[in-house]
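A.B. asks: Structure in structure tokens, see below.
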Amino acid sequence: MNSIKNINKILLATTNLGKIKEFYSLFEEIPFQITTPDKEKIILDVDESGSTFSENAYIKATAYMNESGIMSLADDSGIEVDALDGKPGIYSARYGGKSLSDEERVELLLKNMNGVPWQKRTARFKASIVIAWPDGKTILKEGVFEGYIDYKPKGVNGFGYDPIFFLPQYGMTSAQLSTDKKNKISHRSIASKKILDHLQREYNKSEIK
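Residues in the sequence shown are numbered consecutively from 919, following the numbering used here.
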């Protein structure tokens, strides 16, 4: 029997409220009921021991799937700054230590970028999204979002490094974009659209059978 047809839930394998809110918006058309670790009463501390975004996404998705028995979706994403040799990269969410807030991580990155001229402040957000099924199947989709590191935070939308991620084509940071605009162009939205297309195709196949 087709695994897609017999699963009506998809678990977001994250406790990050910013990501959860964004995924709910991105997956409005998903043919499954979205659930979260909080709703499923799952408390899980996953060791993100991978060396790439895709490896960490796979680790999280399979860990939550094994714990819950529910098809699970995990993303690992972060910002790569060229002037910092690609850092913080996979350590974006714990840059400077797990105890720092988003605002403190932004301050640390800006401090480390002090004196770097505009033309060398290139950076990109990357996202890897993995879905793990209870039958052992997995899929991976990725997205990239290019920009620059601004000199100071601007905007109140988004989360993480959005207030300092400047987009020349819009003349503003990611945090100054509307949610609708960001959800059309961001790294996570690019990867999410690929995931949604895949799930829609799989779902349509299962409906035909």
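By construction, the Cβ of each residue, glycine as well, lies at the ideal position given by its N, Cα and C atoms. All values derive from a computational prediction rather than experimental measurement.
Run through DSSP, which three-state label would LYS1112 get?
C.D. replies: If DSSP states are grouped into helix, strand and coil, LYS1112 belongs with the helices.
A.B. asks: Given a cut-off of 8 angstroms, decide if ILE952 and SER990 are closer than it, judged by their beta-carbon atoms.
C.D. replies: no
A.B. asks: Which whole-angstrom value describes the C-beta separation of ILE997 and ILE1047, a residue pair presumed to lie in contact below a C-beta threshold of 8 angstroms?
C.D. replies: Going by Cβ atoms, the distance from ILE997 to ILE1047 rounds to 16 angstroms, so no, they are not a contact pair.
A.B. asks: Among the candidates GLN1037, LEU1002, TRP1051 and ILE1108, whose CA atom is the shortest distance from the CA of LYS1029?
C.D. replies: LEU1002
A.B. asks: Pick from ALA992, LEU962 and GLY1089: whose alpha carbon is nearest that of SER972?
C.D. replies: ALA992
A.B. asks: Determine the direct distance from the alpha carbon of GLY1007 to that of ARG1119, and round the result to whole angstroms.
C.D. replies: 32 angstroms
A.B. asks: How would you write the range of the alpha helix (DSSP H) that TYR976 sits in, first residue to last?
C.D. replies: 971 to 986
A.B. asks: So what's PHE941 in DSSP terms, helix, strand or just coil?
C.D. replies: Three-state DSSP puts PHE941 in a helix.
A.B. asks: What does TYR1066 pair with, by DSSP beta-bridge criteria?
C.D. replies: THR1040 and PHE1084
A.B. asks: When burial is assigned at 16 or more other CB atoms within 10 Å of the CB, is ILE1082 buried or exposed?
C.D. replies: buried
A.B. asks: How would you label LEU1095, buried or exposed, when you count the other beta carbons within 10 angstroms and need 16 or more for buried?
C.D. replies: buried
A.B. asks: On a Cα-Cα basis, can you pick out the residue from ASP1000, GLY1004 and GLN1087 that is closest to LYS1038?
C.D. replies: ASP1000
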